[in-house]
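Numbering (our numbering), first residue to last: 176 to 450.
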């Protein structure tokens, strides 16, 4: 099998761009080298690696898991089985969080359902004076969170905890910002998702019968952790803005607004604590 033949095989399950990324990762060649070596046969070791990758891909393993890492806002994060894959949609939440924090010195921030840590770590890198805590309970996700925190200088404190219970560890009126991308997909919808998405951990996707289980907890138990005027930034499903806004409003959050993503879909709810 030649380089070109292997590339063609990959295109049966990946886009051209994704196939190039995977080929470059697999063989350590840049795009130019891949073109120059198109007729070159794979070594026995390379062909074995390729067939293993192709088999996994044909079984629906996401490209990000095959690579073992993925880029979010120009930084590379370790990912794999058991942790939610970083998505560009989350950039909307991060940018809103950074905008809110701009005038606040040494802000205290908490990231709930942190997963691989992309939100907490981006905030910590962009705001070196911030005191950032990332809360996560799933062992597999925690392993990637710890790896990524170490990669970026151990500037984020990891809290191994279930957000439904560990709110007692955070003092009331102590946070400048709460940010989260919690599970928000309705349970009944999970089996209809793309095969690749179903390979991601159900605990990072399942938001309960109506998709709002985590938002109820955040509204009832976590909003009181915000200082007066403190901000809350929540990523949401595209049809959840009204319901999430109502939950937050009922627990003292004001100046609520919905922010859309690049596709024009509702993606983030933002508000501040009364004060």
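C-beta atoms are modelled at their ideal positions from N, C-alpha and C, and glycine is treated no differently. Because the structure is a prediction, the values reported are computed rather than measured.
When the options are compared against residue i, the one with the closest alpha-carbon
{"i": "residue 287", "options": "328, 358, 448", "result": "358"}
{"i": "residue 380", "options": "305, 364, 336", "result": "364"}
{"i": "residue 325", "options": "335, 334, 296", "result": "296"}
{"i": "residue 290", "options": "302, 272, 322, 275", "result": "322"}
{"i": "residue 395", "options": "195, 190, 340, 196", "result": "340"}
{"i": "residue 248", "options": "387, 383, 385, 293", "result": "293"}
{"i": "residue 328", "options": "342, 299, 349, 315", "result": "299"}
{"i": "residue 461", "options": "388, 194, 440, 204", "result": "The displayed coordinates of the chain run from 176 to 450. Any statement about residue 461 would go beyond what the structure contains."}
{"i": "residue 441", "options": "430, 412, 305", "result": "412"}
{"i": "residue 401", "options": "320, 315, 342", "result": "342"}
{"i": "residue 414", "options": "366, 385, 278", "result": "385"}
Residue i - containing beta strand (DSSP E), residue span
{"i": "residue 371", "result": "Looking at the DSSP string, residue 371 is not in any beta strand (DSSP E), and its letter there is neither H nor E."}
{"i": "residue 421", "result": "Here residue 421 belongs to no beta strand (DSSP E); instead the alpha helix (DSSP H) covers 416 to 424."}
{"i": "residue 360", "result": "Looking at the DSSP string, residue 360 is not in any beta strand (DSSP E), and its letter there is neither H nor E."}
{"i": "residue 200", "result": "Careful: residue 200 lies outside any beta strand (DSSP E), inside the alpha helix (DSSP H) at 191 to 202."}
Residue span of the alpha helix (DSSP H) that contains residue i, given as start and end
{"i": "residue 387", "result": "First-last for residue 387: undefined, no H or E at that position."}
{"i": "residue 271", "result": "265 to 276"}
{"i": "residue 258", "result": "No alpha helix (DSSP H) contains residue 258, which DSSP labels as neither H nor E."}
{"i": "residue 296", "result": "293 to 301"}
Residue i in three-state terms, based on DSSP
{"i": "residue 339", "result": "coil"}
{"i": "residue 252", "result": "strand"}
{"i": "residue 221", "result": "helix"}
{"i": "residue 314", "result": "helix"}
{"i": "residue 351", "result": "strand"}
{"i": "residue 236", "result": "coil"}
{"i": "residue 306", "result": "strand"}
{"i": "residue 431", "result": "strand"}
{"i": "residue 449", "result": "coil"}
{"i": "residue 287", "result": "strand"}
{"i": "residue 208", "result": "helix"}
Contact check, residue i vs residue j, beta carbons under 9 Å
{"i": "residue 445", "j": "residue 434", "result": "yes"}
{"i": "residue 408", "j": "residue 353", "result": "yes"}
{"i": "residue 410", "j": "residue 219", "result": "no"}
{"i": "residue 383", "j": "residue 447", "result": "no"}
{"i": "residue 237", "j": "residue 178", "result": "no"}
{"i": "residue 229", "j": "residue 184", "result": "yes"}
{"i": "residue 307", "j": "residue 285", "result": "yes"}
beta-carbon residue i near the ligand HEM non-hydrogen atom, thresh 8 Å
{"i": "residue 205", "result": "This structure lacks the ligand HEM, and indeed carries no ligand of any kind."}
* Should the region 299 to 316 be regarded as contacting the region 326 to 340, the criterion being three or more beta carbon pairs within less than 8 Å? -> yes
* To do: Could you tell me whether the region 424 to 434 touches the region 368 to 378, using the rule of 3 or more Cβ pairs below 8 Å?
  => no
* **the region 274 to 282 in contact with the region 221 to 240 per 3-pair CB rule at 8 Å** => They do not touch, by the three-pair rule.
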